[in-house]
Structure formats: structure tokens, C-alpha cells
Amino acid sequence: MKEAFRTDGNWYKGNLHMHTLRSDGHLSPEQAVSRYQKAGYDFAALTDHWIQNECKTTERFLLLSGCEWDTGDMVNTPVFHIVGVGMDSKVSLERSLPPQKIIDAINAANGIAILAHPAWSVTNPADCLGLTGLGGVEIYNSVSGLPWNGERADSGVYIDIWASMGKFFPCMAADDSHFYQGEETRSYIMVNARELTPDSIKSSIRNGDFYASQGPEFHSVRFSGDAVRVESSCVDTIIFNSNTVWCQDRVFTGGVTGATYRMKPTDKYVRVILIDSQGRKAWCSPIPVNGEPY
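To convert, take the position in the sequence shown, counting from 1, and add 776; that gives my numbering.
As C-alpha cells, this is what we get:
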């Protein structure tokens, strides 16, 4: 039996995209971190634009180093926002670099590179097919939704397009907090790790031992033969997405805590979405039917 992610470690809750007064955020770093600590988060990264923040650890909270770099102008070149977290050294970059150069620099510093809000950026999916070294893509970005920034928070269709073409990006959710007027502490990742240290959290993220959420909990996602079995907290809906455009048994509703999906001969991948009674979602990364995901 194959697991989509490990469940035998400790679960840690974190936000890897947020801004402070050091760039265009509305709170000081101390105030921003305090919001997340009081909301029960275990870790976060301050990712101010073009300003790299340092790693700080305490017994109860981990603040990873972080920064957000952008490139493109939406007129002559496509826009990419790349978040880097967990870098061990300073990353110095020139503006207007292609996204792959930014990703490479983050990885060279032992960080994790994340493609931020592709739906908000109106990213051309084809422009990402050649990218390598991404540790994640934001499937959901809180501040990109209503009432803060239109209605482009959910990038799930991008994940499906890429997975249908054989590009399996790990799915993350983040707040991208700027205003701290309700967009904060909404969307996050749950990481299964041995301990709350930079190396342990980064290792688990690189291994895919995490899921994205706004509240619902995945207890396990397991594959056996042609069956995918999900165990979860009580939710209204469990959805099994794949490249197969029509099948009658991909949606399970009605106060469910688990469901089993039988993969179809045309399925190239499966990814699972949970939706609770408040409309909050959780997402696991797409898992290829054959082969390793990343």
C-alpha cells in the first residue's frame, strides 16, 4: 500500500507567505508573527518583497527565513512571483531574472522555492512546464480572493492542467497576508515531521509529507491496486480529481469521514479535495497513477 504522505510523525501547522512593514505589509514583523502564534500555528516565514528575513527559532515556534522575488511586467514578459523559504544563506538576485534563475538560487541556498498564486498572476500554464526545482505551487492564496483582491485565489485548475500534462507540482496553501484584515490565518500547510526544526520541516516538505488546508484534516490518503482510500475529519464533500473528465463516482457527500475511489483506465493522476460545512477546503498534491510524484 502506497501513502500520499507520511502520517507517523508530528503534525505542524504553518504559513509560508506573508508580508510586513519591511515591504508592503501593514504590520511589523513582531505583530505579524504574533497573529499566527496566537492562532495556534507552529511555524511561518516572513516573505517580504526582495527583503530576505532571517530564521529564528524558539521552543514553541519556528520562523523560517523567507523572501518573495518577482519578475515580468505582464506586457512584454509573463509575471512570476517566486517565494523562497528556509534559505541557509543570503540570496542576492538582480531584477528581471527569468524564473528558473530565481528557483535555482533559492535551491542553491538550501531553500524551498514556491510558485505563488498562478491564478492571480494569470500565468500561462505552458510557461511552467519547463521549470525544475519547485518545491511547491500555491493552490490557494487567501489575499487573492474576495474581498481583498478579486476572485483568483484558487489555482486548482492550473494543478490539474499541469498534472494532465505530466507535471506534478506539490500543492500548498498560504495567506500572502498584507492587510491583516481577515485574510491572515486562513490557509496553511500541515507538515508531518519528526520535530519542529528547520531541517526537519524542510526535509518533510521536500519528501511531500504535507497537505494544504483551510480547516479540514486529512488523516491518510492511501493507494492499493486501483483503489484510493481517504480518511479525514468529518466533511460535507470528498472529491477525487483526475484528468478523466467524466465519471459518476468521484464525489462523495453527506457528513463523510472517508471514501474510496476506483481509478479509471484513463486516469494519469488523482488528487483529493475535502470541503467542510463552512466551505473550507483541504487539498492533497496530485499523485501520478504510475511513478513518483516529484
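Each residue gets a CB set at the ideal place from its N, CA and C atoms; glycine is no exception.
All of these numbers come straight from a predicted model, not from anything done at the bench.
With C-beta atoms as the reference, is histidine 793 less than 9 Å away from threonine 823? For the purposes of this step, residue 793 is identified with residue 17 of the sequence shown, where counting begins at 1. For the purposes of this step, residue 823 is identified with residue 47 of the sequence shown, where counting begins at 1. Contact flag set, yes.
Tell whether a beta-carbon distance below 9 Å holds between glycine 984 and proline 946. Within the sequence shown, the letter at position 208 stands for residue 984. Within the sequence shown, the letter at position 170 stands for residue 946. Result yes, Cβ atoms of glycine 984 and proline 946 sit closer than 9 Å.
My output table needs one value for tyrosine 956: the three-state DSSP class, helix, strand or coil. Here residue 956 corresponds to residue number 180 of the sequence shown, with the count starting at 1. Three-state DSSP puts tyrosine 956 in coil, outside helix and strand.
Simplified DSSP assignment, three categories, for lysine 789: Counted from its first residue, the sequence shown places residue 789 at position 13. Three-state result, lysine 789: strand.
Complete alpha helix (DSSP H) runs within the region 779-832 (minimum length 4 residues, chain order): 805-814
Taking buried to mean at least 16 other C-beta atoms within 10 Å of its own C-beta, is cysteine 1010 buried or exposed? Sequence index remark: in the sequence shown, residue 1010 carries index 234 (1-based). By the 10 Å Cβ count, cysteine 1010 comes out exposed.
Can you give, in chain order, each stretch of the beta strand (DSSP E) that sits fully within the region 820-890 and has at least 3 residues? 838-840, 842-847 and 856-861
DSSP three-state call for proline 1064: helix, strand or coil? For the purposes of this step, residue 1064 is taken as the residue at position 288 of the sequence shown. Looking at proline 1064 - three-state DSSP - the assignment turns out to be strand.
Is it buried or exposed, aspartate 930, if we count other Cβ atoms within 10 angstroms and call 16 or more buried? Translated into the one-based positions of the sequence shown, residue 930 becomes position 154. Classified as buried, aspartate 930 has 16 or more neighbouring CB atoms from the shown chains inside 10 Å of its CB.
Given a threshold of 16 other Cβ atoms within 10 Å of its Cβ, counted over all protein chains shown, does glutamine 1054 qualify as buried or as exposed? By one-based count along the sequence shown, residue 1054 stands at place 278. With fewer than 16 other Cβ atoms within 10 Å, it is exposed.
When the Cα atoms are used, what is the spatial distance from glycine 842 to isoleucine 890? Here residue 842 refers to the residue found at position 66 of the sequence shown. Here residue 890 refers to the residue found at position 114 of the sequence shown. Their Cα atoms are separated by approximately 11 Å.
Alpha carbon of proline 1069 to alpha carbon of arginine 982, nearest angstrom: Mapped onto the sequence shown, residue 1069 falls at position 293. Mapped onto the sequence shown, residue 982 falls at position 206. In this predicted model, proline 1069 has a pLDDT of only 49, less than 50, meaning its place in the structure is not dependable; the value taken from the coordinates is given anyway. Cα to Cα, the separation comes out at about 11 Å.
Would you call alanine 1035 buried or exposed, if buried means 16 or more other Cβ atoms sit within 10 Å of its Cβ? Your numbering for residue 1035 matches position 259 in the sequence shown. With at least 16 other beta carbons inside 10 angstroms of its own, alanine 1035 counts as buried.
Looking at methionine 948: is its Cβ nearer than 9 Å to the Cβ of phenylalanine 999? Stepping through the sequence shown from its first residue, residue 948 is reached at position 172. Stepping through the sequence shown from its first residue, residue 999 is reached at position 223. No, the Cβ-Cβ distance between methionine 948 and phenylalanine 999 is not below 9 Å.
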